[in-house]
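Asker: For the sequence shown, counting from 1, position 99 maps to 99 in full-length UniProt numbering; every step adds exactly one. Mind looking over this structure? Questions follow.
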Amino acid sequence: MARAATTTDAFNAVAEPRRRQILDVLAGGELPVGDIVSAVGLAQPQVSKHLRVLREVGLVEVRDEGRHRLYRMNGGPLQPIHAWVSRYAATWEGRFSRLDDVLAELTEAEARQPENGERT
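Structure representation (C-alpha cells):
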C-alpha cells in the first residue's frame, strides 16, 4: 500500500520530529519565521520547508503583518490523531493501574519481611 504524501495527511506530516518541534514552538503563540528558526536550531530554508508542509495539511496558518509573516498553529487537523490515540489511553491507564497495584503489594510484602540478621 502506498504511503500518503506528507503534504496531504496530518499523521504523516507530524511523523517528522522537526515538524513536531515546530508545532511545539507555535503552541506558545504566533511567531515570525526568524523566531522559529532560533527556537528549533535549523537553517531558515529547512524551517520554511517544514512550515510549507504543515501549512498544506492545515496545521499551521500564516498572516501578513507589514513586512512580516506570522505563523500560528491550528490544532483542528490534530483531532483525528487525538481521537486515534485516545482509543489506546484506556488500555494504558488500566495497565498502569494494575502495575501500581503490583508495586503496592510488593512494597507491603517487603515491609513485612524481617531485616537481615533479625530472628523471627
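Each residue gets a CB set at the ideal place from its N, CA and C atoms; glycine is no exception.
#1: For R67, does the three-state DSSP call read helix, strand or coil?
#2: Less than 8 Å separating the beta-carbons of L54 and R19?
#3: Count the other CB atoms within 10 Å of the CB of A13; is the residue buried (16 or more) or exposed (fewer)?
#4: Which whole runs of the alpha helix (DSSP H) in the stretch 13 to 45 are 4 residues long or more, in chain order?
#5: When DSSP builds the beta bridges, which residues end up paired with R98?
#6: For the pair the stretch 24 to 44 and the stretch 58 to 74, tell me if three or more CB-CB distances fall below 8 Å.
#7: With a threshold of 16 other CB atoms inside 10 Å of the CB of V85, please say whether the residue is buried or exposed.
#8: In whole angstroms, give me the CA-to-CA distance for E56 and T8.
#9: Q79: which of G58, R69, T91, G66 sits nearest, CA to CA?
#10: Flag R18 as yes if its beta-carbon sits less than 8 Å from any beta-carbon of chain C, otherwise no.
Answerer: Concretely, from the data shown:
#1: Translated into positions along the sequence shown, residue 67 becomes position 67. DSSP, reduced to helix, strand and coil, places R67 outside both helices and strands of the structure shown, so it counts as coil.
#2: Start at 1 with the first residue of the sequence shown, and residue 54 comes out as number 54. Start at 1 with the first residue of the sequence shown, and residue 19 comes out as number 19. In this structure, L54 lies near R19, with their beta-carbon atoms less than 8 Å apart.
#3: Start at 1 with the first residue of the sequence shown, and residue 13 comes out as number 13. Classification for A13: buried.
#4: Entirely contained in the stretch 13 to 45, the alpha helix (DSSP H) runs reaching 4 residues are, in chain order, 17 to 26, 33 to 40.
#5: Here residue 98 is taken as the residue at index 98 of the sequence shown, counted from 1. Residue pairing for R98: DSSP places it in no beta bridge.
#6: Yes, the stretch 24 to 44 touches the stretch 58 to 74.
#7: Reading the sequence shown from its first residue, position 85 is the one you call residue 85. Counting Cβ neighbours within 10 Å, V85 comes out exposed, since fewer than 16 surround it.
#8: Within the sequence shown, residue 56 is the residue found at index 56, counting from 1. Within the sequence shown, residue 8 is the residue found at index 8, counting from 1. Looking at the backbone, the Cα of E56 and that of T8 are separated by about 7 Å.
#9: Along the sequence shown, read from residue 1 onward, the residue named residue 79 stands at position 79. From the listed residues G58, R69, T91, G66, the smallest Cα separation to Q79 is found for G58.
#10: Of the chains in the structure shown, none is chain C; there is only one protein chain.
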